[in-house]
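**Q** In full-length UniProt numbering, the protein residues as written are 1 to 306.
Here a beta-carbon is modelled for each residue, glycine too, at the ideal position from N, C-alpha and C.
This one's a predicted model, so the numbers in the text were calculated from it and none came from an experiment.
Take a look at the following structure, please.
Here you go:
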């Protein structure tokens, strides 16, 4: 059947990109399609006055940090670096933003967390809600959910906002702590922190990861009743939940609903995901292939020079 699918794709001239998209979709098992927020650093509003010298200083400090093995060694190197720099530059936090970003890009999350902890201890920077959420994310990743809970509990009430609450929910979901995740989600709704699709998508992920696939569409229904707009990831996760149960009518229903939503964007991967489940059901269905062809034509029309 796989060879038939690729032959059909070739006959429809869907191209290499779409064949690759179906390859990726077919390689995935049951999972949620929620794209978590990328690890970024958005420290405050300060702007560096000397970008060239700052970049050089950041590079030098980064070199010191990546060679450190112990937490105390990291902190002593940071202390030594501060003594060498202009205090105004240090208070802006721009260099530390650059350092943490570099560490994250290299997967050195434990080291980035150490820099965060040092900044907290020294009190040299005023953290934004996004900064607190990012630190909470690092704690969950490096030290586990219990440590993340303790950090969250230690925050002032004003900093237990939508961003930090959402990050703690993500931690529960990633650790498959179902009861805590659902209780925390309910608390977020009571506080008015569930006004976007993100926390609902997390709960969809929770059910998908637990194998409770029948509950995923129920979360979508709850979103709509709460007047929260589902996004692409909401629909993809629902498509996956229906397809994994061989419910092709459900897959078709989700596709049609998604196509009618002005705020969603139909893409190759969504159609490839649907094609994957049609194929796994034991038959070559023409509809997803035609949809892939339509998506290709739409893309070509949008990118064609005027």
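Can you tell me which of 251, 192, 262, 206 puts its alpha carbon nearest to the alpha carbon of residue 270?
**A** Reading the chain shown from its first residue, position 270 is the one you call residue 270. The residue with the shortest Cα to Cα distance from residue 270 is 251.
**Q** Alpha carbon to alpha carbon, how far is residue 160 from residue 128? Give it in angstroms, no decimals.
**A** Looking up residue 128 in the chain shown gives position 128. Looking up residue 160 in the chain shown gives position 160. Rounded to the nearest angstrom, the two C-alpha atoms are 12 Å apart.
**Q** From residue 254 to residue 206, what distance separates their C-alpha atoms?
**A** Taking the first residue of the chain shown as position 1, residue 254 is located at position 254. Taking the first residue of the chain shown as position 1, residue 206 is located at position 206. Answer to the nearest angstrom: the Cα atoms are 20 Å apart.
**Q** If you compare alpha carbons, which of 194, 198, 140 is closest to residue 148?
**A** As a position in the chain shown, residue 148 is number 148, starting the count at 1. Among 194, 198, 140, the Cα nearest to that of residue 148 is on 140.
**Q** So, at 8 Å on beta carbons, what are the nonlocal neighbours of residue 228 in its own chain, with the 5 sequence-adjacent residues on each side left out?
**A** Against the chain shown, residue 228 aligns to sequence position 228. For residue 228, where only same-chain residues beyond five positions count, the Cβ hits under 8 Å are 194, 195, 196, 197, 200.
**Q** Can you grab the Cα-Cα spacing for the pair residue 154 / residue 280, in whole Å?
**A** Position 154 of the chain shown, counting from 1, holds the residue named residue 154. Position 280 of the chain shown, counting from 1, holds the residue named residue 280. Their backbone Cα atoms lie some 49 Å apart in a straight line.
**Q** With DSSP as the reference, label residue 124 as helix, strand or coil.
**A** Working through the chain shown from its first residue, we reach residue 124 at position 124. Reduced to three states, the DSSP call for residue 124 is coil.
**Q** With respect to the alpha helix (DSSP H) encompassing residue 143, which residues constitute its N-terminal and C-terminal limits?
**A** Numbered from its first residue, the chain shown carries residue 143 at position 143. Taken as a continuous stretch (DSSP letters only), the alpha helix (DSSP H) holding residue 143 covers 129 to 143.
**Q** Which same chain residues end up closer than 7 Å to residue 177 when comparing Cβ atoms and leaving out the 5 residues on each side of it in sequence?
**A** Taking the chain shown and counting its residues from 1, one reaches residue 177 at position 177. Taken in chain order, the residues that qualify are 145.
**Q** Assign residue 103 to one of two classes, buried (16 or more other C-beta atoms within 10 Å of its C-beta) or exposed (fewer than that).
**A** Stepping through the chain shown from its first residue, residue 103 is reached at position 103. Result: buried.
**Q** Suppose the cutoff is 6 Å on Cβ atoms and the five residues either side in sequence are ignored; what does the same chain contact list for residue 232 look like?
**A** As a first step, residue 232 must be located in the chain shown, where it is residue number 232. Here the set comprises 264.
**Q** Please return the same chain residues whose Cβ sits closer than 6 Å to the Cβ of residue 213, not counting the five positions on each side in sequence.
**A** By one-based count along the chain shown, residue 213 stands at place 213. Within the same chain, residue 213 has close Cβ partners 241, 244, 245.
**Q** At which residues does the alpha helix (DSSP H) containing residue 247 begin and terminate?
**A** If you number the chain shown from 1, residue 247 lands on position 247. Segment: none, residue 247 is in no alpha helix (DSSP H) and carries neither H nor E.
**Q** Per DSSP, what kind of secondary structure is residue 217 in: helix, strand or coil?
**A** The residue labelled residue 217 in the question sits at position 217 within the chain shown. Residue 217: helix per DSSP, three-state reduction.
**Q** Once the 5 residues before and after residue 138 are set aside, which same chain residues still bring their CB inside 7 Å of it?
**A** Walking along the chain shown from the start, residue 138 turns up at place 138. Excluding positions up to five away in sequence, the list reads 109, 112, 113, 116.
**Q** Which residue comes first and which comes last in the alpha helix (DSSP H) that contains residue 184?
**A** On the chain shown, position 184 is the one that residue 184 refers to. Note, residue 184: alpha helix (DSSP H), 178 to 191.
**Q** Between residue 168 and residue 152, how many whole angstroms is the CB-CB distance? I'm expecting something under 8 Å.
**A** Mapped onto the chain shown, residue 168 falls at position 168. Mapped onto the chain shown, residue 152 falls at position 152. Indeed, because the Cβ distance is near 5 Å, the residues count as touching under 8 Å.
**Q** By Cβ distance below 7 Å, which residues in the same chain neighbour residue 215 in space, the five residues on each side in sequence not counted?
**A** Within the chain shown, residue 215 is the residue found at index 215, counting from 1. Closer than 7 Å at Cβ, skipping near neighbours: 207.
**Q** Report the option in 191, 247, 126 whose CA atom is closest to the CA atom of residue 165.
**A** Along the chain shown, one-based indexing puts residue 165 at 165. Out of 191, 247, 126, the CA that lies nearest to the CA of residue 165 is found in 191.
**Q** Short check: CB of residue 235 to CB of residue 258, under 8 Å?
**A** Here residue 235 refers to the residue found at position 235 of the chain shown. Here residue 258 refers to the residue found at position 258 of the chain shown. In this structure, residue 258 lies closer than 8 Å to residue 235 by Cβ.
**Q** Quick check on DSSP: helix, strand or coil for residue 166?
**A** In the chain shown, residue 166 corresponds to position 166, counting from 1. Correct three-state label for residue 166: helix.
**Q** Take residue 84 and list the residues in its own chain whose beta-carbon comes closer than 6 Å to its own, dropping the five residues that flank it on each side.
**A** Counting from one through the chain shown, the residue named residue 84 turns up at place 84. Result list for residue 84: empty, nothing under 6 Å.
**Q** Under the three-state reduction of DSSP, which class applies to residue 199: helix, strand or coil?
**A** In the chain shown, counting from the first residue as 1, residue 199 sits at position 199. Judged by DSSP in its simplified three-state form, residue 199 adopts helix.
**Q** Do you know how far the Cα of residue 156 is from the Cα of residue 126?
**A** In the chain shown, the residue the question calls residue 126 occupies position 126. In the chain shown, the residue the question calls residue 156 occupies position 156. Going from the Cα of residue 126 to the Cα of residue 156 covers about 14 Å.
**Q** Do you know how far the Cα of residue 150 is from the Cα of residue 97?
**A** Residue numbering aside, residue 97 sits at position 97 when the chain shown is read from its first letter. Residue numbering aside, residue 150 sits at position 150 when the chain shown is read from its first letter. Their Cα atoms are separated by approximately 24 Å.
**Q** Would DSSP call residue 264 helix, strand or coil?
**A** The count along the chain shown starts at 1 and reaches residue 264 at position 264. Coil.
**Q** Going by DSSP in three states, residue 229 sits in which element: helix, strand or coil?
**A** The residue you call residue 229 lines up with position 229 of the chain shown. Three-state DSSP puts residue 229 in coil, outside helix and strand.
**Q** Below 8 Å on the Cβ atoms is my guess for residue 238 versus residue 217; work out the distance and round it to an integer in Å.
**A** For the purposes of this step, residue 238 is taken as the residue at position 238 of the chain shown. For the purposes of this step, residue 217 is taken as the residue at position 217 of the chain shown. Confirmed, about 5 Å.
**Q** Spatial neighbours of residue 248 within its chain, please: CB distance less than 8 Å, with the 5 preceding and 5 following residues excluded, ordered by chain position.
**A** In the chain shown, residue 248 corresponds to position 248, counting from 1. Taken in chain order, the residues that qualify are 242, 277, 278, 281, 285.
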